[in-house]
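J.: Protein chains in written order, with my numbering: chain A, 9 to 247; chain B, 9 to 247. For glycine and all other residues, C-beta sits at the position ideal for the given N, C-alpha and C.
Number of protein chains: 2
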Amino acid sequence: MSESPQYRPLYRQVYDMLVKRFAAGDWGPAQALPSEQALAAELGVSQGTVRKALDALAMEKLIERRQGKGTYVAEHTQESSLFRFFRLTRPDGERAVPTTAESSAKRREGRAAELARFGLREGAQVVEINRTRLVDGAPVLLERIVVPSALFPGLEKHTPLPNTLYQLYQREYGQNIVTTEEQLRADVARKDDCRRLKLPPGSPLLHIERIGIALDGTRVEWRVSRCDTAKLVYAVTLS
Amino acid sequence: MSESPQYRPLYRQVYDMLVKRFAAGDWGPAQALPSEQALAAELGVSQGTVRKALDALAMEKLIERRQGKGTYVAEHTQESSLFRFFRLTRPDGERAVPTTAESSAKRREGRAAELARFGLREGAQVVEINRTRLVDGAPVLLERIVVPSALFPGLEKHTPLPNTLYQLYQREYGQNIVTTEEQLRADVARKDDCRRLKLPPGSPLLHIERIGIALDGTRVEWRVSRCDTAKLVYAVTLS
DNA sequence: GAGTGGTCTAGACCACGCA
DNA sequence: GCGTGGTCTAGACCACTCT
């Protein structure tokens, strides 16, 4: 292993090295990594050290380990990952799979608030996606998604956009969102909200702002959702 | 180690045994556990196996390990734990330490919805706590807390109640809340909300329902919070 | 210096998936 | 039967804390 100025345990160095290689796209999603033995030999450390690094990566859901088969880069495809950041459920706790209606995407110059959030310089382009999401055929959720155009070239031309954008980000652009920071507020429906969600004036709405953060710490997506919580509630387990 | 009908790894058995002993109160909060060597000798397993169990417990914040000193039962006292389940922050992201005003606690018969949530039989007693919480001297949050009286005998006589109830639960009643399940909705302020939070009619409120779950899986607390999100927002990081 | 947890190694055996 | 990850052990050495 390479020397490091400040001390870091061996398994940590292995961990960091693997994260870097994920970010660089050395192994695509759903692809098998070398076996523990192979990695250990390649890096000149013991299998136990590699194992400790891999266990930590599995804990953070960056990889998936299957006994008897091998170790795979986690894919944002499975049911489990599908709902990883989607916290809206039916009021009884049942999962809801929303469909998409009235989706639009366009490229334009970033506004000040957007540039600040992404740390972009003035004049930078962004892609804005607006969509209405339905559950059981009824509109319940409005989403406005803004991403830096430089990270997602041509995203606005992807039609139709898939239901699960994060999978697209990962597969087509190598942007692996692993963390989200969300802020929730209560708000009252504005005229536009009422029209699109078919709500009476003055209805309460759950206003959710999310920043999506990629593997390397880059802020990659800003998402504002406005939700009619008569039909979907935000559910989260903390432990 | 004792035999188990269905197979569980050794380190898992050690883990479960330790959890049981925490629940039974064998070691009080902030008390040192036996050393890894001592535990290993006592249980007749290797130190590595004990270590794996302890590492898992540390990951779940049930214990704290300090190199050179020992392993301690986690205390719900430190700044870090104080905010473990308190997700409300100022809109700019700054932590807010709310104070309590107008706190009341009374014992009464549980209502149907409460009994159902706790799995209690009809006629069981509960303790209900109502309080208004202030930030910078202004009321921003209403809390209604309901707990089974059987688990918290005499709780209604604790005056004044501390700001951090979970610490009290742990220290006085051995109830260690380690998980919470929350549901968030947007709502409009009712008359009572407006009066207590000094809000104009029709203001939006964030309505939060929380179930607090103890170490052994028991549902121990039901908490309904209604929050003026002009002053505090709900912030959560998912990863 | 003694005792603690933290890191690292080497090797054994088990459970699983697949050809 | 082979290769994979999963468990378990035993022992060495390091880093930290306290006396």
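Check each residue of the stretch 173-192 of chain B: if its Cβ is closer than 7 Å to any Cβ of chain A, include it; give the result in chain order.
T.: Of all residues in the stretch 173-192 of chain B, V186, T187, T188, E189, E190, Q191, L192 have a Cβ within less than 7 Å of some Cβ in chain A.
J.: Going along the chain, which residues of its own chain have a beta-carbon closer than 6 Å to the beta-carbon of H215/A, five neighbours each way excluded?
T.: Counting from one through the first sequence, the residue named residue 215/A turns up at place 207. For H215/A, where only same-chain residues beyond five positions count, the Cβ hits under 6 Å are R193, D195, R234.
J.: So what does R254/B bridge to, in DSSP terms?
T.: Because chain B in this structure spans residues 9 to 247, residue 254/B falls outside the shown range and cannot be described.
J.: Let me check one thing: in DSSP terms, what residues is E189/A bridge-paired to?
T.: For this step, residue 189/A is matched to residue 181 along the first sequence. Per DSSP, I219/A, T245/B.
J.: Using 8 Å as the Cβ pair cut-off and three pairs as the minimum, do the stretch 226-241 of chain A and the stretch 203-212 of chain A touch?
T.: At 8 Å Cβ cutoff, the stretches touch.
J.: So V186/B packs on I221/B, CB below 8 Å; how close in whole Å?
T.: The sequence position of residue 186/B within the second sequence is 178, counting from 1. The sequence position of residue 221/B within the second sequence is 213, counting from 1. The Cβ separation is near 7 Å, so the contact holds.
J.: In this structure, how does DSSP classify L169/B when only helix, strand and coil are distinguished?
T.: Stepping through the second sequence from its first residue, residue 169/B is reached at position 161. Coil, per DSSP.
J.: Out of curiosity, what's the CA-to-CA distance linking L169/B and Q55/B?
T.: The sequence position of residue 169/B within the second sequence is 161, counting from 1. The sequence position of residue 55/B within the second sequence is 47, counting from 1. The alpha-carbon atoms of L169/B and Q55/B are separated by roughly 43 Å.
J.: Could you list which residues in chain A have their beta carbon closer than 7 Å to that of L213/B, in chain order?
T.: The residue you call residue 213/B lines up with position 205 of the second sequence. In chain order: A194.
J.: So the alpha helix (DSSP H) R125/B belongs to, where does it begin and stop?
T.: Here residue 125/B is taken as the residue at index 117 of the second sequence, counted from 1. Where R125/B is concerned, the enclosing alpha helix (DSSP H) stretches over 120-126.
J.: Cα-Cα, which of Q183/B, P156/B, Q191/B, K60/B is closest to R119/B?
T.: Counted from its first residue, the second sequence places residue 119/B at position 111. Checking every option, the nearest Cα to that of R119/B belongs to P156/B.
J.: Can you pull the chain B neighbours of G210/A, defined as C-beta to C-beta under 8 Å?
T.: Taking the first sequence and counting its residues from 1, the one referred to as residue 210/A is at position 202. Going along chain B in sequence order, the residues near G210/A (Cβ under 8 Å) are V196, G210.
J.: State whether the stretch 100-119 of chain B contacts the stretch 56-72 of chain B, with contact taken as three or more CB pairs (one from each stretch) at a distance under 8 Å.
T.: The answer is no - the stretch 56-72 of chain B does not touch the stretch 100-119 of chain B, with fewer than three Cβ pairs under 8 Å.
J.: Just list the beta strand (DSSP E) runs in the stretch 99-163 of chain A, keeping only unbroken ones of 3 residues or longer that don't cross its boundaries, in chain order.
T.: Listed in chain order, the complete beta strand (DSSP E) runs (minimum 3 residues) inside the stretch 99-163 of chain A are 107-117, 133-143, 146-156.
J.: Would A40/B and G78/B qualify as a contact pair, given that the criterion is a beta-carbon distance under 8 Å?
T.: Along the second sequence, one-based indexing puts residue 40/B at 32. Along the second sequence, one-based indexing puts residue 78/B at 70. Yes, the Cβ-Cβ distance between A40/B and G78/B is below 8 Å.
J.: Per DSSP, E72/A forms a beta bridge with which residues?
T.: Residue 72/A sits at position 64 when you count from the first residue of the first sequence. According to DSSP, which records beta bridges pairwise, E72/A is partnered with Y80/A.
J.: Quick one: list the residues of chain B neighbouring F93/A, beta-carbon separation under 8 Å, in chain order.
T.: Here residue 93/A refers to the residue found at position 85 of the first sequence. Result: L246.
J.: Does chain A have any CB closer than 8 Å to the CB of V241/B?
T.: Here residue 241/B refers to the residue found at position 233 when the second sequence is read from its first residue. Cβ-Cβ to chain A under 8 Å: yes for V241/B.
J.: Excluding the 5 residues flanking A48/B on each side, which residues of the same chain have their C-beta closer than 8 Å to its C-beta?
T.: Taking the first residue of the second sequence as position 1, residue 48/B is located at position 40. S54, Q55, T57, V58.
J.: Taking a contact to mean a Cβ-Cβ separation below 8 Å, would you say E72/A touches Y80/A in this structure?
T.: Along the first sequence, read from residue 1 onward, the residue named residue 72/A stands at position 64. Along the first sequence, read from residue 1 onward, the residue named residue 80/A stands at position 72. Yes. Within cutoff.
J.: Give the range of the beta strand (DSSP E) segment to which R231/B is assigned.
T.: Locating residue 231/B in the second sequence gives position 223, where the first residue counts as 1. Here the beta strand (DSSP E) through R231/B covers 227-235.
J.: Assuming G172/A contacts H84/A (C-beta within less than 8 Å), just tell me the rounded distance between them.
T.: On the first sequence, residue 172/A is found 164 positions in, with the first residue counted as 1. On the first sequence, residue 84/A is found 76 positions in, with the first residue counted as 1. Per the sequence shown, the amino acid found at residue 172/A is Thr instead of Gly. Indeed they touch by this definition, with Cβ atoms about 7 Å apart.
J.: Tell me the rounded alpha-carbon separation between Y19/B and A82/B.
T.: Stepping through the second sequence from its first residue, residue 19/B is reached at position 11. Stepping through the second sequence from its first residue, residue 82/B is reached at position 74. Cα to Cα, Y19/B sits roughly 20 Å from A82/B.
J.: Of all the CB atoms in chain A, is at least one closer than 8 Å to the CB of T226/B?
T.: Position 218 of the second sequence, counted from the start, is the residue given in the question as residue 226/B. Chain A, which has no Cβ nearer than 8 Å to the Cβ of T226/B, makes this no.
J.: For T57/B, would you say it is in contact with chain A, using Cβ-to-Cβ distances shorter than 8 Å as the test?
T.: Position 49 of the second sequence holds residue 57/B. Not closer than 8 Å to any Cβ of chain A, the Cβ of T57/B fails to qualify, so no.
J.: Scan the stretch 109-142 of chain B for residues whose Cβ lies nearer than 8 Å to a Cβ of chain A and list them as they occur along the chain.
T.: Hits within the stretch: zero.
J.: Mark R16/B as exposed unless 16 or more other C-beta atoms lie within 10 angstroms of its C-beta, in which case mark it buried.
T.: The sequence position of residue 16/B within the second sequence is 8, counting from 1. Exposed, since its Cβ has fewer than 16 Cβ neighbours within 10 Å.
J.: Report buried or exposed for Q183/B, applying the criterion of at least 16 other Cβ atoms within 10 angstroms of its Cβ.
T.: Indexing the second sequence from 1 puts residue 183/B at position 175. Q183/B is buried by the Cβ-count criterion.
J.: Got a sec? Which residues, its chain only, sit under 6 Å from F93/B by beta carbon, not counting five neighbours each side?
T.: Position 85 of the second sequence, counting from 1, holds the residue named residue 93/B. Counting only Cβ-Cβ distances below 6 Å, and skipping sequence neighbours, we find T188.
J.: Rounded to whole angstroms, what's the CA-CA distance from E190/A to R139/A? Just pull it up for me.
T.: Within the first sequence, the letter at position 182 stands for residue 190/A. Within the first sequence, the letter at position 131 stands for residue 139/A. Rounded to the nearest angstrom, the two C-alpha atoms are 19 Å apart.
J.: So the candidates are E110/A, A132/A, E164/A; which of them puts its Cα closest to the Cα of E117/A?
T.: One-based indexing of the first sequence puts residue 117/A at position 109. Out of E110/A, A132/A, E164/A, A132/A has the C-alpha closest to the C-alpha of E117/A.
J.: Which residues in chain A sit within 7 Å of T237/B, going by Cβ to Cβ distance?
T.: In the second sequence, counting from the first residue as 1, residue 237/B sits at position 229. In chain order: R193, A194.
J.: Going by Cα to Cα distance, which pick from L142/B, L150/B, L159/B is closest to G127/B?
T.: Counting from 1 along the second sequence, the entry for residue 127/B is found at position 119. Closest by alpha carbon: L159/B.
J.: Is D200/A helix, strand or coil when you go by DSSP?
T.: In the first sequence, the residue the question calls residue 200/A occupies position 192. Three-state DSSP puts D200/A in a helix.
J.: Once DSSP output is grouped into helix, strand and coil, what is the label at S10/A?
T.: Within the first sequence, residue 10/A is the residue found at index 2, counting from 1. At S10/A, the pLDDT of 40 sits below 50, so the modelled position is not reliable; the number obtained from the coordinates is stated separately. Here S10/A sits in coil by DSSP.
J.: Expressed to the nearest angstrom, what Euclidean distance is found between the alpha-carbon atoms of W35/A and V154/A?
T.: For the purposes of this step, residue 35/A is identified with residue 27 of the first sequence, where counting begins at 1. For the purposes of this step, residue 154/A is identified with residue 146 of the first sequence, where counting begins at 1. In a straight line, the C-alpha of W35/A is about 28 Å away from that of V154/A.
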